[in-house]
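Undergrad:
Numbering (our numbering), first residue to last: 31 to 546.
1) Since I believe residue 71 is in contact with residue 43 (beta carbons under 8 Å), could you give me their beta-carbon distance rounded to a whole number of angstroms?
2) If we call anything under 8 Å between Cβ atoms a contact, is residue 239 one with residue 222?
3) DSSP state of residue 32, grouped into three classes?
4) Looking only at C-alpha atoms, which of 476, 388, 277 and 460 sits nearest to residue 305?
5) On the three-pair Cβ rule with 8 Å, is the segment 160 to 174 touching the segment 512 to 521?
6) Only counting the same chain, and skipping five residues up and downstream in sequence, which positions put a Cβ closer than 8 Å to that of residue 273?
7) Taking DSSP's pairing of strands, which residues face residue 309 in a bridge?
8) Quick one: any contact between the segment 96 to 104 and the segment 123 to 135, if contact means 3 or more CB pairs under 8 Å?
9) Using DSSP with H/G/I as helix, E/B as strand and the rest coil, what is residue 290?
10) Using CA atoms only, rank isn't needed, just tell me which of 440, 529 and 352 is closest to residue 189.
11) Output the residue ranges of the beta strand (DSSP E) runs that lie fully inside the segment 312 to 400 and measure 3 residues or longer, sorted by chain position.
12) Distance check for residue 83 and residue 198, CA to CA, integer angstroms please.
13) State buried or exposed for residue 439, treating a residue as buried only when at least 16 other CB atoms are found within 10 Å of its CB.
14) Kindly indicate which three-state DSSP category residue 131 falls into: helix, strand or coil?
15) Just the Cα atoms here: how many angstroms apart are residue 110 and residue 118?
16) Can you name, in chain order, every residue of its own chain whose Cβ lies under 6 Å from the Cβ of residue 340, other than the five neighbours on each side?
17) Residues in the same chain with beta-carbon distance under 6 Å from residue 206, minus the five sequence neighbours each way, listed in chain order, please.
18) Helix, strand or coil for residue 57? Go by DSSP, reduced to three states.
19) Helix, strand or coil for residue 169? Go by DSSP, reduced to three states.
20) If we count the other Cβ atoms within 10 Å of its Cβ and call it buried at 16 or more, is residue 391 buried or exposed?
21) Going by DSSP, what residues sit across from residue 243 in a beta bridge?
22) Round the Cβ separation of residue 434 and residue 234 to the nearest angstrom and send it over; I've been treating them as touching at under 8 Å.
23) Hey, would you say residue 40 sits closer than 8 Å to residue 66, going by beta carbons?
24) Any idea if residue 31 is buried or exposed, counting beta-carbon neighbours within 10 angstroms, 16 or more meaning buried?
25) Quick one: what's got a C-beta closer than 6 Å to residue 268's C-beta in the same chain, skipping five residues either side?
26) Here's the rule: buried if 16 or more other CB atoms are within 10 angstroms of the residue's CB, otherwise exposed. What is residue 541?
27) Going along the chain, which residues of its own chain have a beta-carbon closer than 8 Å to the beta-carbon of residue 544, five neighbours each way excluded?
28) Using CA coordinates, which residue listed in 74, 116 and 250 is at the minimum distance from residue 493?
29) In the DSSP assignment, find the beta strand (DSSP E) that holds residue 217 and state where it starts and stops.
30) Looking only at its chain, what residues have a beta carbon closer than 7 Å to the beta carbon of residue 418, apart from the 5 residues adjacent to it on each side?
31) Below 8 Å, can you find three or more Cβ-Cβ pairs linking the segment 456 to 473 to the segment 391 to 406?
32) Excluding the 5 residues flanking residue 443 on each side, which residues of the same chain have their C-beta closer than 6 Å to its C-beta?
33) What does a CB cutoff of less than 7 Å around residue 143 pick up in its chain, not counting 5 residues either side in sequence?
34) Kindly indicate which residue of 510, 490 and 527 has the alpha-carbon position closest to the one of residue 138.
35) What does DSSP give as the partner residue(s) for residue 472 in the beta ladder?
36) Beta-carbon separation of residue 373 and residue 256 under 8 Å?
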């Protein structure tokens, strides 16, 4: 046995800023304090890719861990509340075709599964009843009425309904940078990385700044965006292209100013188009709108025409920003002493807002599982790679689900999305099972699941999929009827007590949420 002492992990260098870099820096610094030196190096003049973003409810816990008050965060990031997503024209393309994927679980879930009862002849929307999400959850009602998920008296990060945020991603990076350097002791270096130096064992010893020279560390976090300067370029980890499953590869994004008293939708609006779909995210001062589409099925001119038709007359004054999208991820996410977070690890289309949550989950794992020594790092990396690859695969399947269930046949884009050759086999198998049994917790047994069974139910039944009810699944009819009644009663109650999204945000500009 060697007498050499294990090489301790005493320093972390994060290369790249933006949401990925600064969230990672904040979570590591907040957890480890002075026991670990945290440096973030970025070229500030390069800027970041920020078009307005949607988060998951996990962001509330992340910000709390970092030590930010919700009021300060929302003011600085021009944030608004998000209670889920509304999918319009995905099923048939008709003007009245929509469904919701809310953030509140169905009433009684998972102990009571309302899906079989809604699918039965008495309750299903195909028989004149309410949509699935409207029948089993009160949040669709809040969204349709423009109501907020919490009150001004609700404490920081607490609400009446589960919620996430819409925010300005550039402002988020700026807020986190100020907080991390001013409160958490993160060392910030503004410099252009021009190279790396390697150790004999293949690890990166230091990144080389144009002005700073060698910046050494024990662990490096690659947050350099699509270029993946450390993991992809320096360590030569290949990129796995997933465009055979997800066709979207371009985005045209604009920012549309809004009137100060205009309503603010408390949900992301995703409206299907001929060759992709349009996101619509409401912030207090503007709407972030973008058309993501497949360039294999339509050119940029055609996409811009569809985006202009959606935006209306104000489009003529806007300058669309074109963003390339390469659907896929690295073959490994942690190799040697380099781990990638954010775009450096991979990217998929922004459907269901998976980008920021993957940053949060990766950064939190790094912070909580930080190896004490270099010898322990390889084991931590293997776990991280296995867990992260599982998450990417599940996200890809869930995003594909939205397309394969569509009945649209107006363009090749929608027809090609239903080609079995483009549908992962696991998803095909699950769909066959769900024709007889609704998605349940037994279908998603991993601790690393990204979407619960309820999310699959919201999309499946929103898109017109039907599970054949069986007698044994309807044994709790009285309990189910009570649950449907509680949902209806909750709508009536919240309709009378909740402020509009705009009204609450206006109050927040003058007052603060109570601290926890």
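Ideal Cβ positions, reconstructed from N, Cα and C, are used throughout, including at glycine.
TA: Judging by the given coordinates:
1) Residue 43 to residue 71, Cβ: 7 Å. Contact.
2) In this structure, residue 239 lies near residue 222, with their beta-carbon atoms less than 8 Å apart.
3) Because residue 32 sits at a pLDDT of 49, beneath the cut-off of 50, its placement in the model cannot be relied upon, and the following sentence gives the value as read from the coordinates. Here DSSP, grouped into helix, strand and coil, assigns residue 32 to coil.
4) Of the candidates 476, 388, 277 and 460, 277 places its Cα closest to the Cα of residue 305.
5) Output reads yes: the segment 512 to 521 touches the segment 160 to 174.
6) So the qualifying residues of the chain are 279, 356, 357 and 358.
7) 300 and 320.
8) Taking 8 Å as the limit for Cβ pairs, the verdict is that the segment 123 to 135 does not touch the segment 96 to 104.
9) Assigned with DSSP and collapsed to three states, residue 290 falls in coil, not helix or strand.
10) Checked all of 440, 529 and 352; the closest Cα to residue 189 is 529.
11) Restricted to the segment 312 to 400, the beta strand (DSSP E) segments that are unbroken, complete and at least 3 residues in length are 316 to 323, 351 to 354, 358 to 360 and 368 to 370, listed in chain order.
12) So the alpha carbons of these two residues sit roughly 6 Å apart.
13) Here residue 439 is exposed, its C-beta having fewer than 16 other C-beta atoms within 10 Å.
14) Three-state result, residue 131: strand.
15) In this model, residue 110 and residue 118 are separated by some 21 Å (Cα to Cα).
16) These residues qualify, in order along the chain: 308.
17) If we look at residue 206 and ignore the five residues flanking it on each side, its Cβ neighbours are 52 and 56.
18) The three-state reading of DSSP puts residue 57 in helix, counting H, G and I together.
19) DSSP places residue 169 in helix when its eight states are reduced to three.
20) Residue 391 should be labelled buried.
21) DSSP, once it has assigned bridges, lists 239 as partnering residue 243.
22) Here residue 434 is actually not in contact with residue 234; their C-beta atoms are around 41 Å apart, not less than 8 Å.
23) Judged by their CB atoms, residue 40 and residue 66 are nearer to each other than the 8 Å cut-off.
24) Summary for residue 31: the model assigns pLDDT 41, below 50, so the residue's position carries little reliability; its value from the coordinates is reported in the next sentence. By the neighbour-count rule (16 or more Cβ atoms within 10 Å), residue 31 is not buried but exposed.
25) Contacts found: 361.
26) Here residue 541 is exposed: its Cβ has fewer than 16 other Cβ atoms, across all protein chains shown, within 10 Å.
27) The beta carbon of residue 544 lies closer than 8 Å to those of 183, 184, 185 and 186 in the same chain, with the five residues before and after it left out.
28) Ranked by Cα distance from residue 493, the first of 74, 116 and 250 is 116.
29) Residue range 217 to 220 is occupied by the beta strand (DSSP E) that includes residue 217.
30) Taking C-beta separations shorter than 7 Å and ignoring five residues to either side along the sequence, the partners of residue 418 in its chain run 363 and 392, following chain order.
31) Contact between the segment 456 to 473 and the segment 391 to 406 is absent, because fewer than three Cβ pairs lie under 8 Å.
32) The beta carbon of residue 443 is closer than 6 Å to those of 305, 324 and 327 in its chain, skipping five residues each way along the sequence.
33) Around residue 143: 468 and 470.
34) Measuring from the Cα of residue 138, the nearest candidate turns out to be 510.
35) Looking at the DSSP assignment, residue 472 forms no beta bridge with any residue, so it has no partner.
36) In this structure, residue 256 lies closer than 8 Å to residue 373 by Cβ.
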